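Notes for the one structure printed next.
2 protein chains.
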Amino acid sequence: MAIAAIDKLVMQLSKLPGVGQKTAQRYAYFVLGMDKEQTREMAQALLDAAQNVHPCPICGMYTDQQTCEICTDKRRTDELICVVSDPKDVIAMEKTREFMGKYHVLFGSLSPMDGIGPNEIRINSLLDRCNNGGIKEVILATDSDAKGDVTASYIAKLLKPLGITATRIARGIPIGGNLEYIDEVTLLKALEGRREM
Amino acid sequence: MAIAAIDKLVMQLSKLPGVGQKTAQRYAYFVLGMDKEQTREMAQALLDAAQNVHPCPICGMYTDQQTCEICTDKRRTDELICVVSDPKDVIAMEKTREFMGKYHVLFGSLSPMDGIGPNEIRINSLLDRCNNGGIKEVILATDSDAKGDVTASYIAKLLKPLGITATRIARGIPIGGNLEYIDEVTLLKALEGRREM
Numbered sequence: 003m004a005i006a007a008i009d010k011l012v013m014q015l016s017k018l019p020g021v022g023q024k025t026a027q028r029y030a031y032f033v034l035g036m037d038k039e040q041t042r043e044m045a046q047a048l049l050d051a052a053q054n055v056h057p058c059p060i061c062g063m064y065t066d067q068q069t070c071e072i073c074t075d076k077r078r079t080d081e082l083i084c085v086v087s088d089p090k091d092v093i094a095m096e097k098t099r100e101f102m103g104k105y106h107v108l109f110g111s112l113s114p115m116d117g118i119g120p121n122e123i124r125i126n127s128l129l130d131r132c133n134n135g136g137i138k139e140v141i142l143a144t145d146s147d148a149k150g151d152v153t154a155s156y157i158a159k160l161l162k163p164l165g166i167t168a169t170r171i172a173r174g175i176p177i178g179g180n181l182e183y184i185d186e187v188t189l190l191k192a193l194e195g196r197r198e199m
Numbered sequence: 003m004a005i006a007a008i009d010k011l012v013m014q015l016s017k018l019p020g021v022g023q024k025t026a027q028r029y030a031y032f033v034l035g036m037d038k039e040q041t042r043e044m045a046q047a048l049l050d051a052a053q054n055v056h057p058c059p060i061c062g063m064y065t066d067q068q069t070c071e072i073c074t075d076k077r078r079t080d081e082l083i084c085v086v087s088d089p090k091d092v093i094a095m096e097k098t099r100e101f102m103g104k105y106h107v108l109f110g111s112l113s114p115m116d117g118i119g120p121n122e123i124r125i126n127s128l129l130d131r132c133n134n135g136g137i138k139e140v141i142l143a144t145d146s147d148a149k150g151d152v153t154a155s156y157i158a159k160l161l162k163p164l165g166i167t168a169t170r171i172a173r174g175i176p177i178g179g180n181l182e183y184i185d186e187v188t189l190l191k192a193l194e195g196r197r198e199m
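These protein sequence lines map, in sequence, to chains A and B.
Residues 3 to 199 in the numbering used here are what the first sequence lists, from first letter to last.
Residues 3 to 199 in the numbering used here are what the second sequence lists, from first letter to last.
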């Protein structure tokens, strides 16, 4: 009952994040039930993305232009850079519609245990941008977990001698958060970060 | 920040069953992070499946041959047909390694509310097979829900005048099932289906 083309499709789809054998099989049989034209469109979308989309050489965000829309946007200040771990984080940040600086995508976080040191993520290109001058503040918006914190601390230390202010996004109670369900570490951070009203 | 190739990929991936906008975006950004060669392999797997795999003209199970391996297997009896709703169900059934008859895939269940009547699923081709003679028993292994039951009853009624025995797979407590967690309808069916030991 092994059909090579189906097995191959299941194997390929199981590469997607969080997709195991069972889900990949579900996807594969769904694909087999689609019109051939629809399947071709799906395959073409994969090929087009691989062909046309690449990281912006300045900030690392994905773009289909030479440099990305944000880096070339004249209305945005060059004095402020928001550092994130992942291209998806740029999208999340942009949804606030408030940040009017530029970005820098690291493509990962420092994680010595996994062999990810400073040279494995885009820290050098961030330093290059900082050394070129004109940058006043770098907001470290890496994830609020151990790896994200280590990455933020590491970069902050490198920025200090350059006279650039390094800031970390605030940790605290999420909006709508119910105090009794918030873990104690978050509560502690929220207490530490309290402001006069 | 809209990148056409990414948006298109997200849209295409969100067609997969159970995949919403958020998951499709996660998949799309994962794909963007893959090697181009890997993405090409994934696209090719989709194209190959659409190109080479089709329903077996006899039973409806997917195959890359003219007729499927099961239909052409001489060791399997032609006297027994197991009717299932979906190609995936054939795989589930084959895992028992016990069933040595043939299959018939309906590609759906009767569902008048959704406009799915007898002509929308492969009931006529099942009757054709039955009319050709040689079939003694048809096992109705459609799902154990309302649609599956209706479909099974409908087919059983059609088979009666042909002198073919129609059977329904047993409903009861699943192996390892803990009585206190079993719903009352299943318990009732298990009671009704009790056997002398």
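Just so it is clear, CB atoms sit at the ideal spot from N, CA and C, and this is done for glycine as well.
Given the structure is predicted, the values throughout are model-derived calculations rather than measurements.
Judged by DSSP secondary structure, C84 (chain B) falls within the beta strand (DSSP E) whose first and last residues are 82-86. Nearest to K191 (chain B) by C-alpha distance, out of B:V107, B:I175, B:I166, is B:I175. In this structure, the beta-carbon distance from R124 (chain B) to F109 (chain B) falls below 7 Å.
Chain A has no Cβ within less than 7 Å of the Cβ of N180 (chain B). For the pair A45 (chain A) and L15 (chain B), the CB atoms are not nearer than the 7 Å cut-off. Shown here, R124 (chain A) sits in coil according to DSSP, grouped into three states, outside any helix or strand.
Listed by position along chain A, the residues whose Cβ is nearer than 9 Å to that of L34 (chain B) are A51, A52, V55, H56, P57, Y64, P89.
In this structure, the beta-carbon distance from Y64 (chain A) to L34 (chain B) falls below 7 Å.
For V107 (chain B), the pairing in a beta bridge is given by DSSP as B:V86. For A172 (chain B), the secondary structure class from DSSP, reduced to helix, strand or coil, is coil.
For E186 (chain A), there is no enclosing beta strand (DSSP E); the residue is found in the alpha helix (DSSP H) stretching over 186-194. In this chain, the alpha helix (DSSP H) harbouring V12 (chain B) covers 6-15. Contact between M95 (chain A) and A52 (chain A) is ruled out by a C-beta separation of about 25 Å, above the 8 Å threshold. Straight-line measurement puts the Cα of P59 (chain B) at about 25 Å from the Cα of P163 (chain B).
If you check the CB distance, G62 (chain B) and C84 (chain B) do not come in under 7 Å. Residues of chain A with a Cβ closer than 7 Å to the Cβ of Y105 (chain B) do not exist; the shortest Cβ-Cβ separation is about 10 Å. For K24 (chain B), none of the residues of chain A pass the 8 Å Cβ criterion, the least Cβ distance being about 10 Å. T144 (chain A) carries a coil assignment under DSSP once its states are collapsed to helix, strand and coil. For Q14 (chain B), the neighbours in chain A by C-beta distance under 7 Å run, in chain order, E43, M44, A47. Membership of E43 (chain A) in the alpha helix (DSSP H) is indicated by the continuous run 38-54. For T167 (chain A), the three-state secondary structure derived from DSSP is strand. Proximity of Y183 (chain A) to chain B, defined by a Cβ-Cβ separation below 7 Å, is not satisfied. With 16 or more other CB atoms across the displayed protein chains lying within 10 angstroms of its CB, Q27 (chain B) is buried. In the DSSP annotation of this structure, the continuous segment of the alpha helix (DSSP H) that includes Q27 (chain A) starts and ends at 23-34.
By the neighbour-count criterion, in which 16 or more other beta carbons inside 10 Å mark a residue as buried, G22 (chain A) falls on the exposed side. Within the segment 106-125 of chain B, no residue has its Cβ closer than 7 Å to any Cβ of chain A. Flagged as an interface residue toward chain B: I5 (chain A), by a C-beta distance shorter than 7 Å. Around the Cβ of K10 (chain A), a 10 Å sphere holds 16 or more other Cβ atoms; the residue is buried. With a threshold of 16 other beta carbon atoms within 10 Å, T98 (chain B) falls short and is exposed.
In this structure, the straight-line span from the alpha carbon of Y31 (chain A) to that of G150 (chain A) is close to 39 Å.
The shortest CA-to-CA distance from S113 (chain A) to any of A:M36, A:F101, A:L128, A:T153 is the one to A:T153.
Between V140 (chain B) and A168 (chain B), the C-beta spacing is below 7 Å. Put simply, the CB of K76 (chain A) is far from chain B, with every gap to its CB atoms at 7 Å or more. Shown here for N133 (chain B): same chain residues with a beta carbon closer than 8 Å to its own, the five before and five after excluded, namely L164 in chain order.
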